[in-house]
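In terms of our numbering, the sequence shown is residues 2 to 243.
Glycine residues also receive a C-beta, built at the ideal position from the N, C-alpha and C atoms.
Please read these numbers as outputs of a predicted model, since none were measured by experiment.
Report on the following structure.
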Amino acid sequence: MRYGAADDGEHSWAFRREAAAAAVREAAPAVFGVQEALDFQLDFFEQNCPAYRSVGVGREDGAHEGEHMSVFFDTTRVDLLDWGTYWLSETPDVPSLGWDAACKRTATWLLLKDKAAGREFFFVNTHLDHVGKEARRKGLALVVSSIKEMNPEGWPMVLCGDFNVTPDDECLTDLRLLMDDARETAALSDHGTTWHDWGRLDDTPPIDYLFYKGFRACRSFARITDKPYVSDHYPVVAVLAW
């Protein structure tokens, strides 16, 4: 989503918020995750995309302070059964800085039920550190471990986020053994840049991902590249089939 208090000039939140809400309404995902969101950005989405509700906490205090790795879901299509947030650190149950990270990092998980299909599934959203290599490696390892532990029933699962690593990074190895990369498996896919830095980059490897397991197929994976830019990253969207 891009941190809403950043001074991004013509790309500041006040100038792109309408386009961001319009992108959600047009794409109409059943569920989507955001990174770097502040309370007022979450409020704007809920006010302007009224079918959606979000859950998540601020990473600084576990309440409202700081960036949220929140997840929005369409209340007309899915029911929320449970949710939680943990920190990517040695003490994941409390607000904390992990390893060599520059910032506190979190993952937010939801257990949802598809109303039409009558099926439960997990959705996890995270944002790995942009500085600490060990924090990225151990943080993602914690996410992978948590995914295994939280789902003894073997329900389908989605993991999305800004991982701040390119597809060939070794920290993705264990995750790739557990889940499928939608970018790699989709019948129709898009391998282009995801962090474009307000249009200044167009040929760098992607760093934003959507992994899944337990679904029959990934029909498509795409970037939303419309202008005006809704973030300094292109949103990525996947269509999964039961």
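Expected contact under 8 Å - CB spacing of residue i and residue j to nearest Å
i: F216; j: P157; result: 5 Å
i: A188; j: S221; result: 6 Å
i: L111; j: F123; result: 7 Å
i: W199; j: I208; result: So it is not a contact: roughly 15 Å between Cβ atoms.
i: F73; j: S55; result: 5 Å
i: S71; j: L39; result: Rounded, the Cβ-Cβ distance is 10 Å, inconsistent with contact.
i: V125; j: L160; result: 5 Å
Straight-line Cα distance separating residue j from residue i
i: A20; j: Y230; result: 8 Å
i: A239; j: D94; result: 30 Å
i: E150; j: L143; result: 10 Å
i: R17; j: H131; result: 24 Å
i: V145; j: C172; result: 11 Å
i: D175; j: C50; result: 36 Å
i: E91; j: K105; result: 12 Å
i: D5; j: S13; result: In the sequence as presented, Asp is not what sits at residue 5; that position holds Gly. So the alpha carbons of these two residues sit roughly 7 Å apart.
i: K139; j: V166; result: 13 Å
i: P236; j: F212; result: 15 Å
i: R201; j: K228; result: 14 Å
i: A218; j: D169; result: 23 Å
i: I225; j: A7; result: 22 Å
i: G119; j: D101; result: 42 Å
i: G155; j: E27; result: 32 Å
i: R137; j: E121; result: 29 Å
i: G34; j: K214; result: 17 Å
i: S147; j: T107; result: 12 Å
Same chain, Cβ closer than 7 Å to residue i, five either side skipped, listed in chain order
i: A52; result: D75, T76 and T77
i: V58; result: A64, H69 and T86
i: Q36; result: M2, M70, H128, G162 and D163
i: A103; result: D130, H131, V132 and G133
i: E135; result: W100 and D101
8 Å Cβ shell around residue i - same chain, five flanking residues per side excluded
i: D255; result: For residue 255 there is no data in the structure shown, the boundaries of the chain being 2 and 243.
i: A22; result: F45, F46, N49 and C50
i: A29; result: D75
i: D233; result: R3, D9, H12, W196, H197, D198 and W199
i: P206; result: T167, P168, D169 and T194
i: W84; result: V56, V72, T109, W110, L111 and L112
Neighbourhood of residue i by C-beta distance below 6 Å, restricted to the same chain and skipping five residues each side
i: G67; result: G59, R60 and E61
i: V25; result: C50
i: Y210; result: F164
i: A223; result: D191 and V238
i: A31; result: D75, R78 and V79
Near the ligand MN: residue i beta-carbon under 8 Å from a heavy atom
i: D83; result: This structure does not include the ligand MN; it has no bound ligands of any sort.
Check whether the region 84 to 101 touches the region 174 to 183, taking contact to mean three or more Cβ pairs, one atom from each stretch, closer than 8 Å. no
Touching or not, the region 79 to 93 and the region 114 to 122, by the rule of three or more beta carbon pairs under 8 Å? yes
Whole alpha helix (DSSP H) runs in the region 9 to 54 with 4 or more residues, listed along the chain? 14 to 28 and 40 to 49
What are the uninterrupted segments assigned as alpha helix (DSSP H) that are 4 or more residues long and contained completely in the region 157 to 229, given in chain order? 174 to 179 and 183 to 186
Which residue spans inside the region 49 to 116 form an unbroken alpha helix (DSSP H) run of at least 4? none
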